[in-house]
Amino acid sequence: MTTLRLAFERKTPGVVDQLIATLTGSEISDILKPVGEAIVESVLQSFVQERDPWGVPWEPLSGVTVALRMRKLGIKLFKTNRRGRRTGLTARATRSLPGQSSGFRILFNVGSLRNSITSRVDGRRVRGSAGGPAAKYARKQQDGDPDNKIFGKYRAPIPSRKYLPIRGGRVDLPAELRAEVVEMVRAGIFRAIRGTAANTRSRVRANG
1 MTTLRLAFER
11 KTPGVVDQLI
21 ATLTGSEISD
31 ILKPVGEAIV
41 ESVLQSFVQE
51 RDPWGVPWEP
61 LSGVTVALRM
71 RKLGIKLFKT
81 NRRGRRTGLT
91 ARATRSLPGQ
101 SSGFRILFNV
111 GSLRNSITSR
121 VDGRRVRGSA
131 GGPAAKYARK
141 QQDGDPDNKI
151 FGKYRAPIPS
161 RKYLPIRGGR
171 VDLPAELRAE
181 VVEMVRAGIF
191 RAIRGTAANT
201 RSRVRANG
């Protein structure tokens with residue numbers, strides 16, 4: 001499974017820190033759940049826009065991949081003469097095989113990887129991951145695989161097409177997403193603190 005983890009830590013000094021320490025597991029989950037959803041939405045945008053989380057376009061599809069997709073769809077690759085001998089590529093194949101104008105989407109063909117992206121809250125952590133049947137495929141696409149072989153024998157390297165905001169072995173949220181996450185956590189903390197304070201005042205009035 002390819003996974004990113006964000007830890008929720010109490011680093012605000014003074015009274016606020018003491019109040020954060022009183023948050024229940026349910027309150028922390030309420031704060032972090034939207035964070036996970038925002039990260040998943042950002043990851044899905046990578047598939048739509050065919051670029052990594054930091055805006056760099058993915059490597060285009062190789063000619064081999066395009067040819068395999070065309071063959072699977074029954075699109076003719078070669079022109080033939082009356083004797084059935086190949087005489088060259090069809091016009092569609094000539095346009096498509098370089099992978100630049102094939103019309104095939106990158107990592108969008110079946111959707112198994114895209115549809116496997118999920119998030120969940122685990123204590124004080126939010127985890128985003130690509131798992132399930134696409135788990136092995138997920139890591140190859142995220143990190144690349146220079147030794148990949150097609151049909152078990154022909155070398156067909158897979159370039160790194162990062163979709164999770166992880167590089168250099170660490171979570172590296174794009175600046176805009178990082179600012180959004182920080183604001184969501186800040187607002188969630190103070191919303192929970194205000195709720196706790198309101199409940200405390202209500203109990204005091206009830207007991208008074």
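Going letter by letter, the sequence shown gives residues 1 to 208 in our numbering.
The beta carbon of each residue, even a glycine, is placed where N, CA and C say it ideally should be.
Given the structure is predicted, the values throughout are model-derived calculations rather than measurements.
Measure from the alpha carbon of Y163 to the alpha carbon of each residue in I106, Y154, V121, then state which is nearest.
On the sequence shown, position 163 is the one that residue 163 refers to. Of I106, Y154, V121, the residue nearest in Cα terms is I106.
Burial state of L73, where buried means 16 or more other Cβ atoms lie within 10 Å:
One-based indexing of the sequence shown puts residue 73 at position 73. So L73 counts as exposed.
Host beta strand (DSSP E) of G25 (start-end)
In the sequence shown, counting from the first residue as 1, residue 25 sits at position 25. Segment 25 to 49 is the alpha helix (DSSP H) holding G25; no beta strand (DSSP E) there.
With burial defined as no fewer than 16 other Cβ atoms inside 10 Å of the residue's Cβ, what is the status of T80: buried or exposed?
The residue given as residue 80 occupies position 80 in the sequence shown. Burial call: exposed.
Closer than 8 Å is the cut-off here; do at least three beta carbon pairs connect the region 111 to 119 with the region 128 to 138?
Enough Cβ pairs lie closer than 8 Å, so yes.
Please report the Cβ distance between R92 and I75, rounded to the nearest whole angstrom; I am assuming they are in contact, meaning their Cβ atoms lie under 8 Å.
For the purposes of this step, residue 92 is taken as residue 92 along the sequence shown, with counting starting at 1. For the purposes of this step, residue 75 is taken as residue 75 along the sequence shown, with counting starting at 1. Yes, R92 and I75 are in contact; Cβ-Cβ is about 6 Å, under 8 Å.
Can you name the start and end residues of the alpha helix (DSSP H) that T217 belongs to?
With the chain running from 1 to 208 in the structure shown, residue 217 is simply not present.
In terms of residues, what are the limits of the beta strand (DSSP E) holding R120?
For this step, residue 120 is matched to residue 120 along the sequence shown. Here the beta strand (DSSP E) through R120 covers 117 to 122.
Leaving out five residues before and five after R71 in sequence, what residues of the same chain have Cβ atoms less than 8 Å from its Cβ?
Against the sequence shown, residue 71 aligns to sequence position 71. Taken in chain order, the residues that qualify are L77.
Unbroken alpha helix (DSSP H) run spanning V64, endpoints:
Walking along the sequence shown from the start, residue 64 turns up at place 64. V64 -> alpha helix (DSSP H) spans 63 to 72.
Where do the ends of the alpha helix (DSSP H) carrying R139 lie?
The count along the sequence shown starts at 1 and reaches residue 139 at position 139. Segment 135 to 143, the alpha helix (DSSP H) holding R139.
Across which residues does DSSP place F108 in a beta bridge pair?
Residue numbering aside, residue 108 sits at position 108 when the sequence shown is read from its first letter. F108 is not bridged to any residue.
At which residues does the beta strand (DSSP E) containing T80 begin and terminate?
Taking the sequence shown and counting its residues from 1, one reaches residue 80 at position 80. Per DSSP, the continuous beta strand (DSSP E) segment holding T80 begins and ends at 78 to 80.
Mind checking who K149 pairs with in its DSSP beta bridge?
Your numbering for residue 149 matches position 149 in the sequence shown. K149 is bridged to R155.
Quick one: what does DSSP say V171 is sitting in, helix, strand or coil?
Translated into positions along the sequence shown, residue 171 becomes position 171. Strand, per DSSP.
Using the three-state DSSP reduction, which class does A21 fall into: helix, strand or coil?
Here residue 21 refers to the residue found at position 21 of the sequence shown. A21 falls in the coil class under three-state DSSP.
Return the CA-CA distance between G111 and A187, expressed in angstroms with no decimal places.
For the purposes of this step, residue 111 is taken as the residue at position 111 of the sequence shown. For the purposes of this step, residue 187 is taken as the residue at position 187 of the sequence shown. Whole-angstrom Cα-Cα distance: 34 Å.
Please list, in chain order, all residues of the same chain as T90 whose beta carbon is under 7 Å from its beta carbon, the five residues on each side excluded.
Residue numbering aside, residue 90 sits at position 90 when the sequence shown is read from its first letter. Taking C-beta separations shorter than 7 Å and ignoring five residues to either side along the sequence, the partners of T90 in its chain run K76, L77, F78, K79, following chain order.
Thinking just about the alpha-carbon of each residue, which of E59, F151, A38 is nearest to the one in Q142?
Mapped onto the sequence shown, residue 142 falls at position 142. That would be E59, whose Cα lies nearest to the Cα of Q142.
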